[in-house]
Amino acid sequence: VFLGKDWRFVGAKSELAYLLAAVTGIEAEILTHQKRLDAVSVADRMGWASDRETTRAEDRAYSLFGIFGINLPIIYGEGDRAFLRLQKEILQAIPDQSLFIW
1 VFLGKDWRFV GAKSELAYLL AAVTGIEAEI LTHQKRLDAV SVADRMGWAS
51 DRETTRAEDR AYSLFGIFGI NLPIIYGEGD RAFLRLQKEI LQAIPDQSLF
101 IW
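Heads up: the sequence shown is residues 1 to 102, going by UniProt numbering.
Laid out in structure tokens, this is it:
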């Protein structure tokens with residue numbers, strides 16, 4: 001369910017899937033769970049977040065934990081090291097070398 005800033009109903013994910021796909025670059029089939037997330041390459045998943053802006057450098061990495069199924073301790077103040085920790089964990093958990101080409 002998507003709500004506007006005034007808390008009014010905007011639409012359901014199933015109704016807005018193609019609009020969301022156009023805005024995010026994430027396939028509608030992924031957003032509606034018709035295609036498994038693990039069927040998408042690591043490079044493509046990294047690409048979804050490549051233009052993401054965060055207040056803290058480490059939040060860029062932390063925001064990706066869910067799409068990779070990664071669970072790491074959050075250490076605020078570590079800056080860009082968080083992204084290196086994430087990449088290391090992805091390499092250990094997912095046998096997809098496309099991480100190096102995104």
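From the three backbone atoms N, C-alpha and C, an ideal C-beta is built for every residue, glycine too. It should be emphasised that the depicted structure is a prediction, and the values quoted were computed from it without experimental measurement.
How would you call residue i, buried or exposed, if buried means at least 16 neighbouring beta carbons within 10 angstroms?
i, result
"E58", "buried"
"V10", "exposed"
"A12", "exposed"
"A39", "exposed"
"A22", "exposed"
Can you grab the Cα-Cα spacing for the pair residue i / residue j, in whole Å?
i, j, result
"G69", "D51", "21 angstroms"
"G77", "F83", "12 angstroms"
"A93", "K5", "38 angstroms"
"T24", "V1", "17 angstroms"
"S63", "R85", "13 angstroms"
Within the 8 angstroms Cβ cut-off, does residue i reach chain B?
i, result
"R60", "Reference to chain B is not applicable here, since this structure consists of a single protein chain."
Could you check what DSSP says for residue i in three-state terms: helix, strand or coil?
i, result
"L64", "coil"
Closest by CA to residue i, which one among the options?
i, options, result
"S14", "W7, L31 and E27", "L31"
"residue 107", "L3, R60 and T55", "Because the chain spans 1 through 102 in this model, residue 107 falls outside it and cannot be assessed."
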